[in-house]
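Chains as they are written, first to last, in my numbering: chain A, 87 to 444; chain B, 87 to 444; chain C, 87 to 444.
Here the structure is laid out as structure tokens; the discussion comes afterwards.
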Amino acid sequence: MTVQKTNPKTNPKTNSGNFFEDFRIGQKLVHATPRTVTAGDAALYTSLFGPRFPVQSSAEFARSLGLPEAPMDDLLTFHIIFGKTVADISLNAVANLGYAECRFLRPVYAGDTLAATSDVIGLKENSNGKTGIVYVRSTGTNQRGETVASWVRWVMVRKGDEAAPVPEAVVPQLADVVSVSDLALPEANFSDYDFALAGSPHRWGDYEPGEQIDHIDGMTIEEAEHMMATRAFQNTAKVHFNQFTEGKGRFGRRLIYGGHVISLARALSFNGLGNAAFVAAINAGAHVAPCFAGDTVYAWSRIVEKAELPGRDDCGALRVNMIATKDYPCADFPLKDEAGKNHAAVILNLDYWVIMPK
Amino acid sequence: MTVQKTNPKTNPKTNSGNFFEDFRIGQKLVHATPRTVTAGDAALYTSLFGPRFPVQSSAEFARSLGLPEAPMDDLLTFHIIFGKTVADISLNAVANLGYAECRFLRPVYAGDTLAATSDVIGLKENSNGKTGIVYVRSTGTNQRGETVASWVRWVMVRKGDEAAPVPEAVVPQLADVVSVSDLALPEANFSDYDFALAGSPHRWGDYEPGEQIDHIDGMTIEEAEHMMATRAFQNTAKVHFNQFTEGKGRFGRRLIYGGHVISLARALSFNGLGNAAFVAAINAGAHVAPCFAGDTVYAWSRIVEKAELPGRDDCGALRVNMIATKDYPCADFPLKDEAGKNHAAVILNLDYWVIMPK
Amino acid sequence: MTVQKTNPKTNPKTNSGNFFEDFRIGQKLVHATPRTVTAGDAALYTSLFGPRFPVQSSAEFARSLGLPEAPMDDLLTFHIIFGKTVADISLNAVANLGYAECRFLRPVYAGDTLAATSDVIGLKENSNGKTGIVYVRSTGTNQRGETVASWVRWVMVRKGDEAAPVPEAVVPQLADVVSVSDLALPEANFSDYDFALAGSPHRWGDYEPGEQIDHIDGMTIEEAEHMMATRAFQNTAKVHFNQFTEGKGRFGRRLIYGGHVISLARALSFNGLGNAAFVAAINAGAHVAPCFAGDTVYAWSRIVEKAELPGRDDCGALRVNMIATKDYPCADFPLKDEAGKNHAAVILNLDYWVIMPK
């Protein structure tokens, strides 16, 4: 941003992103650039995060559940769609505040092409007059026009001109939790799910609300890793890539894309939630604190609730609260400190639904 | 090279590369190793450089232009062919001096296998008697024997034996600019090009010679990134990979392959040249200064000229002069300093033709 | 492991790995997770290690030998199968002691799905009562149930409870060398092998027992690289990934997976053994010293013996002893020091069979 302020000559053909006053309720943004997802992306995702969930790892395992081949990791789908929205929604964002009503509706396979649009559903200027909150519902579709995932997120965006008039505040009503009836039923049939090959004998019925799981393992993040991931997602938020500018900025270094932490924590959660085969929905998510290269990410989960899926006796849904920390093993399940604030080590608080075989 | 000097026992089965006196005018070098390019390479290229040009990003977008699927990035093709030439041409190079007459003739798709040959077209010993300049025309072909790209480059190569006799100097006449009539007409038909999905409304007709564009964004390079890229290109120049030797060498550290900077700058140029769909030719290129891990690369472009393509009303050619810098945002379009020398921050000066929809 | 000691609440659904007393002679372990290998994995492997062997690099070259397409690098196959065994065999290992009787039996192609099992064939408690040696024969199979590779390895594993009773010692008899009659004959026919495209004119007949080859080049390893590789192999040994824990541990930093060094050394060995088209067997291997990020790996080889392959006049086998070092060029072929111990720079000592065209 500094660049633009000091560069009145910047060519107007460059994208400086939308500022708060540029958004309008009801506006629909068509995001660039459509992206064909391939086996190359899946391999890269595995190498960057280390997931071991068998349906996404093995075409044969996927076929044993009736799928045509191994689907992409749900979070890879999420990141690619999310990445497209950045240039239009959050290039001038101060903070990514939250997610809600995120649903994964269809599997994505190698060869599918993802495109994204966003509808502006809420706008509220902050009292400082310098920023405002933008609420968008983003939708990712495949090459057949089918929605593969959809969610609401809200971000705090700077005003380009603090004197610019802004519309009346509209704050959307958002569900605290995606209701079970809104979860897409998995296309996979888990009747023949091979628990030995999957690496964990624990089924949906074995988990109980309130149960806490320390995922034990920790993973240190390198600059090259988070930049490679974020570029693969074609996410162009400059805070992730530019040491020269960010070295002089708020944190003195590059900030890791929050989605990188989600994917790492999800991969770590295999150790304890090995049969959480699909992410069905994200109810809420907060990037509680920033994460930087050199930090070691740990995670733990609490089972929030269990739900039967209508008409399905092969699988059920588990609502999970996953907490990620940095440089702090999760043996004591860190969440809040004594003052009731977020524990100093916590960087992610994610509330989501997974599908697990019964 | 240090290694060889101290190792008279080195087995002659190892490749020590050609020295200046080993080249002959008219010599044709068949380079190892043929390489099948895959969706994996394309994914890796995206993760390392972050391009967002839609034709290469989306198979659906490519099909909307009549192509069978998304082609490889032209520069990925360039780097893979270039990489093959290194073991025979530039293993003993002191400097990569220039490029000319580079043309991209056919798209490369996943599954195509690239092979490379070079013809020695010029030789000129330097007056110090220690080095000489080798000019080669390198040609990359696909599995059908069709040329996909071709260029001339010249490198300063050390003599293995300073007393060795060398042939009479021959310096080829090279075109300053690839003429428009020599540009391969794109196989893509841009009539239905979707500017909204592409992310930029600016067409060929919107650019004017003399126009300057600061591409704004900067990207910091990590050691792991440039080494992964350069290995993917099977480029074996040891200056890029060996901290132990290079730490004691000219720069005290590993040097980044110049092509890495070209690809980064090209990806950054999406912000301002988003519809520069293909690289048609490289007229000239100079790696003005070295680049190292930790440097943040920026870029700006000047439109040099515009050209109609014969028989095509869907697209035209733009000749672009792209400058890359390190640790220096390009708001003031750095090029020369007050003494007329290269600006201290400039690392790349590339003159090339792109194809853009009308 | 520290984590578990300080966390009595760790959920039993997490995998804490098997301890020495958990193993039984005759036990068969079915390892998670099956993994479909793709062109993405091959591309990543090339970018991480830089191999240039033509059969694996080019589908056209592979077809010229009668193969359907370019097979995966044998060591990629090895690492993926090895990775599966870690969670069950070596999560509580103190050291990976050795390999024997490793044979590569069938090529693996993009789309193949690998699964792994291990049979416990030896157990011997150490005299300190704290650890024991576990011998397993691990087998990797493809989706047709065909064995693609198989080997014995032995690891020193901690006891979870030092007082736990252990079975009587059984130490398997292992072959010092895989006999030539046990090598799988290559499916490739080398009659039309193109030595020019392969980059090296040296055939099986050109090598002699006792011949030593310094592979000259060195390659520095970055943290991001070895972690990306090891995650791609779904190898979950925590010593490779967690700077927070390992920074306080034995080495004060993350340890590089020994297989990473094998792959680097094999890629470096192209310079001198360029036509060593396939790895047929590993007779023995020792990770003599640890390797860390920042180390520069070099390698040299000694031809141990030559063997005709039954019924084949197109290719033969070479037994190679490959030594890798760190931060030490191999011009003087380092192996032992004056006291007869391993040379301080040596990190890998690998004895293996390769197939080379005649």
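Ideal Cβ placement from N, Cα and C applies to all residues, glycine included.
query = So which residues of chain D does residue 101 of chain A contact, with C-beta pairs closer than 7 Å?
reply = Included in the structure are the protein chains A, B and C, with no chain D among them.
request  = Tell me whether residue 259 of chain A is buried or exposed, calling it buried when 16 or more other Cβ atoms sit within 10 Å of its Cβ.
outcome  = The sequence position of residue 259 of chain A within the first sequence is 173, counting from 1. Residue 259 of chain A should be labelled exposed.
task = Could you work out which residue in A:175, A:110, A:404, A:154 is closest to residue 256 of chain A when comparing CA atoms only?
result = Stepping through the first sequence from its first residue, residue 256 of chain A is reached at position 170. Selected option, being the one with the closest Cα: A:110.
message = Using the Cβ count rule (16 or more neighbours within 10 Å means buried), how would you classify residue 362 of chain C?
response = Numbered from its first residue, the third sequence carries residue 362 of chain C at position 276. Looking at its Cβ environment, which holds 16 or more other Cβ atoms inside 10 Å, residue 362 of chain C is buried.
key: Classification of residue 101 of chain A by the beta-carbon crowding that lies within 10 angstroms, buried from 16 upward   = Here residue 101 of chain A refers to the residue found at position 15 of the first sequence. Buried.
query = For residue 208 of chain A, which residues in chain B fall below 9 Å Cβ to Cβ?
reply = Locating residue 208 of chain A in the first sequence gives position 122, where the first residue counts as 1. Chain B residues near residue 208 of chain A: none, gap ~24 Å exceeds 9 Å.
message = Do residue 141 of chain B and residue 147 of chain B count as a contact pair if the criterion is CB distance below 7 Å?
response = As a working mapping, residue 147 of chain B is identified with position 61 in the second sequence. As a working mapping, residue 141 of chain B is identified with position 55 in the second sequence. Against a cut-off of 7 Å, the Cβ pair of residue 141 of chain B and residue 147 of chain B comes out as a contact.
request  = Note the first and the last residue of the continuous beta strand (DSSP E) segment covering residue 442 of chain B.
outcome  = The residue given as residue 442 of chain B occupies position 356 in the second sequence. For residue 442 of chain B, the uninterrupted beta strand (DSSP E) segment begins and ends at 432 to 443.
message = Less than 7 Å between C-beta atoms, sequence neighbours within five positions excluded: which residues of the same chain meet that for residue 402 of chain A?
response = On the first sequence, position 316 is the one that residue 402 of chain A refers to. Contacts found: 290, 392, 393, 394, 395, 442, 444.
task = Counting only the same chain and skipping the five closest in sequence on each side, list residues whose C-beta sits under 6 Å from that of residue 349 of chain B.
result = Taking the first residue of the second sequence as position 1, residue 349 of chain B is located at position 263. Apart from sequence neighbours up to five positions away, the residues of its chain that approach residue 349 of chain B with a beta-carbon distance below 6 Å are 135, 161, ordered along the chain.
message = Measuring straight from C-alpha to C-alpha, what distance separates residue 434 of chain A and residue 411 of chain C?
response = As a position in the first sequence, residue 434 of chain A is number 348, starting the count at 1. As a position in the third sequence, residue 411 of chain C is number 325, starting the count at 1. Approximately 42 Å, taken between the alpha carbons.
ask   = Within 10 angstroms of its Cβ, does residue 94 of chain C collect 16 or more other Cβ (buried), or is it exposed?
value = Residue 94 of chain C sits at position 8 when you count from the first residue of the third sequence. Residue confidence for residue 94 of chain C is low, a pLDDT of 44 falling below 50, so the modelled location carries little weight; the figure read from the coordinates is stated next. When all chains shown are included, residue 94 of chain C counts as exposed.
request  = Please report the Cβ distance between residue 346 of chain C and residue 316 of chain C, rounded to the nearest whole angstrom; I am assuming they are in contact, meaning their Cβ atoms lie under 8 Å.
outcome  = On the third sequence, residue 346 of chain C is found 260 positions in, with the first residue counted as 1. On the third sequence, residue 316 of chain C is found 230 positions in, with the first residue counted as 1. Yes, residue 346 of chain C and residue 316 of chain C are in contact; Cβ-Cβ is about 7 Å, under 8 Å.
query = With C-beta atoms as the reference, is residue 237 of chain C less than 7 Å away from residue 184 of chain C?
reply = Sequence index remark: in the third sequence, residue 237 of chain C carries index 151 (1-based). Sequence index remark: in the third sequence, residue 184 of chain C carries index 98 (1-based). If you check the CB distance, residue 237 of chain C and residue 184 of chain C do not come in under 7 Å.
query = CB residue 79 of chain B to CB residue 196 of chain B, shorter than 7 Å?
reply = Since the first and last residues shown for chain B are 87 and 444, residue 79 of chain B lies out of range.
ask   = Touch check for the stretch 352 to 366 of chain B and the stretch 121 to 139 of chain B: three-plus C-beta pairs under 8 Å?
value = yes
ask   = Using a beta-carbon distance cut-off of less than 7 Å, what residues from the stretch 137 to 156 of chain C approach chain B?
value = 138, 140, 143, 144, 145, 146, 147, 156
key: Rounded Cβ spacing between residue 321 of chain C and residue 172 of chain C (contact assumed at less than 8 Å)   = Counting from 1 along the third sequence, the entry for residue 321 of chain C is found at position 235. Counting from 1 along the third sequence, the entry for residue 172 of chain C is found at position 86. Cβ atoms of residue 321 of chain C and residue 172 of chain C come within 8 Å of each other, at about 5 Å.
task = Report the rounded CA-to-CA distance for residue 166 of chain C versus residue 265 of chain B, giving the unit in angstroms.
result = For the purposes of this step, residue 166 of chain C is identified with residue 80 of the third sequence, where counting begins at 1. For the purposes of this step, residue 265 of chain B is identified with residue 179 of the second sequence, where counting begins at 1. Taking C-alpha positions only, residue 166 of chain C is separated from residue 265 of chain B by approximately 51 Å.
inquiry  = So within the stretch 250 to 293 of chain C, which uninterrupted alpha helix (DSSP H) runs reach at least 4 residues, ignoring any that extend past its ends?
reply    = 281 to 284
inquiry  = If we require 3 or more residues per run, which beta strand (DSSP E) segments fall completely within the stretch 166 to 196 of chain A?
reply    = The qualifying runs are 179 to 190.
query = How would you write the range of the beta strand (DSSP E) that residue 404 of chain C sits in, first residue to last?
reply = Indexing the third sequence from 1 puts residue 404 of chain C at position 318. Residue range 401 to 412 is occupied by the beta strand (DSSP E) that includes residue 404 of chain C.
ask   = Would you report the Cα separation of residue 206 of chain C and residue 190 of chain C, rounded to the nearest angstrom?
value = For this step, residue 206 of chain C is matched to residue 120 along the third sequence. For this step, residue 190 of chain C is matched to residue 104 along the third sequence. Taking the straight line joining both Cα atoms gives about 20 Å.
query = Taking Cβ to Cβ, would you say residue 222 of chain A is nearer than 7 Å to residue 107 of chain A?
reply = Working through the first sequence from its first residue, we reach residue 222 of chain A at position 136. Working through the first sequence from its first residue, we reach residue 107 of chain A at position 21. No, the pair does not count as a contact, with Cβ atoms beyond the cut-off.
message = Excluding the 5 residues flanking residue 407 of chain C on each side, which residues of the same chain have their C-beta closer than 6 Å to its C-beta?
response = For the purposes of this step, residue 407 of chain C is taken as the residue at position 321 of the third sequence. Excluding sequence neighbours, residue 407 of chain C sits near 388, 390, 437.
inquiry  = Output needed for residue 261 of chain B: all residues of its chain with C-beta closer than 6 Å, excluding positions within five of it in sequence on either side, in chain order.
reply    = Your numbering for residue 261 of chain B matches position 175 in the second sequence. Excluding sequence neighbours, residue 261 of chain B sits near 187.
inquiry  = Less than 6 Å separating the Cβ of residue 217 of chain C from some heavy atom of the ligand NAD?
reply    = Here there are no bound small molecules, and the ligand NAD is not part of this structure.
Rounded separation between residue 243 of chain A and residue 328 of chain A - CA only = As a working note, residue 243 of chain A is residue 157 in the first sequence. As a working note, residue 328 of chain A is residue 242 in the first sequence. In a straight line, the C-alpha of residue 243 of chain A is about 20 Å away from that of residue 328 of chain A.
ask   = Within the 7 Å Cβ cut-off, does residue 294 of chain A reach chain C?
value = Start at 1 with the first residue of the first sequence, and residue 294 of chain A comes out as number 208. Output row for residue 294 of chain A: interface = no.
Nearest-angstrom Cα separation, counted from residue 274 of chain C out to residue 400 of chain C = Indexing the third sequence from 1 puts residue 400 of chain C at position 314. Indexing the third sequence from 1 puts residue 274 of chain C at position 188. Rounded to whole angstroms, residue 400 of chain C to residue 274 of chain C spans 10 Å at the Cα level.
key: Unbroken alpha helix (DSSP H) run spanning residue 140 of chain C, endpoints   = By one-based count along the third sequence, residue 140 of chain C stands at place 54. Taken as a continuous stretch (DSSP letters only), the alpha helix (DSSP H) holding residue 140 of chain C covers 140 to 143.
query = Can you list the residues of chain A that residue 324 of chain C reaches, using a CB-CB cut of under 7 Å?
reply = Counted from its first residue, the third sequence places residue 324 of chain C at position 238. Result: 303.
task = Excluding the 5 residues preceding and the 5 following residue 98 of chain A in the sequence, name in chain order all residues of the same chain whose CB lies nearer than 7 Å to its CB.
result = The residue you call residue 98 of chain A lines up with position 12 of the first sequence. No residues qualify anywhere along the chain.
query = Between residue 299 of chain A and chain C, is there a C-beta pair that is closer than 7 Å?
reply = As a position in the first sequence, residue 299 of chain A is number 213, starting the count at 1. Judged by the 7 Å Cβ criterion, residue 299 of chain A is in contact with chain C.
Any C-beta of chain B under 7 Å from that of residue 130 of chain A = The residue you call residue 130 of chain A lines up with position 44 of the first sequence. Yes - at least one Cβ of chain B is within 7 Å of the one on residue 130 of chain A.
task = Kindly list, in the order they appear in chain A, the residues whose Cβ is closer than 8 Å to that of residue 308 of chain B.
result = Your numbering for residue 308 of chain B matches position 222 in the second sequence. The contacting residues are 308, 309, 310, 313.
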